[in-house]
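*Asks:* Before I ask anything, here is the structure I am working with.
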Amino acid sequence: MNRFFGLLPKPSPLRPKSRVYDLKERLDWGEPALTIIDVRDRAEFNQSHITGAISIPVDSLLDTAAQCFEVTRDLYIYSNTDDEAAAVAEQLRAAGFSRVAIVRGGVAAWKAAGFPVEVIRSGSLN
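Residue 315 in my numbering is what sits at position 55 of the sequence shown, and the numbering runs on without skipping anything.
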């Protein structure tokens, strides 16, 4: 068994600026130790978001993150622009979160790659 050590494929490591393909690879790998955070407003999140993402608007992100996530958890952040996502990522890093990445291109890049998105219709619980 030791002769196979190091030969098994591994998903891409967390990068500060991750491509949608990097995130999708980790999701397909089945890695449970990551969280995808959409920091756009709730209406935009409901219209379309990366499958599995959670909505935490910018104004409540730091408080929510401090209560809900370990500082070593892999956090993938996206917003309407990469600059907005980068600013939020810097706030999280300053608050002590060490493993934060932005998803370059956000939900638009995710859709352009043909990856699945979720929509929440009004009155829907899903």
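Built from N, CA and C at the ideal position, the CB exists for glycine as well.
What are the start and end residues of the beta strand (DSSP E) that includes Leu274?
*Replies:* Numbered from its first residue, the sequence shown carries residue 274 at position 14. From DSSP, Leu274 is part of no beta strand (DSSP E); its letter is neither H nor E.
*Asks:* Under a three-way DSSP split, which group does Val379 fall into?
*Replies:* Numbered from 1 along the sequence shown, position 119 holds the residue referred to as residue 379. It is coil, neither helix nor strand.
*Asks:* Starting from Ala303, trace the alpha helix (DSSP H) both ways and give me its first and last residue.
*Replies:* Residue 303 sits at position 43 when you count from the first residue of the sequence shown. It spans Arg302 to Gln307 - the alpha helix (DSSP H) in which Ala303 sits, taken as one unbroken run.
*Asks:* Would you check if the region 358 to 377 and the region 321 to 337 touch, i.e. whether three or more CB-CB distances between them fall below 8 Å?
*Replies:* yes
*Asks:* Quick one: give me the first and last residue of the beta strand (DSSP E) that Thr295 is part of.
*Replies:* If you number the sequence shown from 1, residue 295 lands on position 35. Residues Leu294 to Asp298.
*Asks:* How many angstroms separate the CA atom of Ile310 from the CA atom of Ser278?
*Replies:* Here residue 310 refers to the residue found at position 50 when the sequence shown is read from its first residue. Here residue 278 refers to the residue found at position 18 when the sequence shown is read from its first residue. In a straight line, the C-alpha of Ile310 is about 14 Å away from that of Ser278.
*Asks:* DSSP on Ser315, reduced to helix/strand/coil?
*Replies:* On the sequence shown, position 55 is the one that residue 315 refers to. DSSP places Ser315 in strand when its eight states are reduced to three.
*Asks:* Is the beta carbon of Ile296 sitting closer than 8 Å to the one on Ile316?
*Replies:* Counted from its first residue, the sequence shown places residue 296 at position 36. Counted from its first residue, the sequence shown places residue 316 at position 56. Between Ile296 and Ile316, the gap from beta carbon to beta carbon reaches 8 Å or more.
*Asks:* Arg286: buried (16+ other C-beta within 10 angstroms of its C-beta) or exposed?
*Replies:* Here residue 286 is taken as the residue at index 26 of the sequence shown, counted from 1. Answer is buried; the Cβ neighbour count reaches 16.
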